[in-house]
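Undergrad: Structure provided below as C-alpha cells; questions to follow.
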Amino acid sequence: MSGPILTVRFFATESDSEPVRDWLKSLPANERRLIGEDIIRNLQ
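Just so we're aligned, residue 906 is where the sequence shown starts under our numbering, counting upward by one.
Written as C-alpha cells, this is what we have:
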C-alpha cells in the first residue's frame, strides 16, 4: 500500500526524549508498515 507522506510530531519529554518514536523505531519494518497503513486508513 502506498499512501501520502505524513508530517508527524511526536510527544517529547522535558529531556527531549521521544518515547513513542523510539518504540516505533524498535519494531520490525513489517509492523511499522502495518501501523502506517492503519493510520492512513483512519485518515480517509
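Positions of the beta carbon are idealized from the N, C-alpha and C atoms, including for glycine. It should be emphasised that the depicted structure is a prediction, and the values quoted were computed from it without experimental measurement.
1) On the three-state DSSP scale, how would you describe Leu939?
2) Considering Pro924, what are the terminal residues of the alpha helix (DSSP H) in which it resides?
3) Identify whether Ala934 lies in helix, strand or coil by the three-state DSSP scheme.
TA: On the basis of the supplied data:
1) The three-state secondary structure of Leu939, taken from DSSP, is helix.
2) Annotation for Pro924: the continuous alpha helix (DSSP H) segment containing it runs 924-931.
3) Note: Ala934 maps to helix in three-state DSSP.
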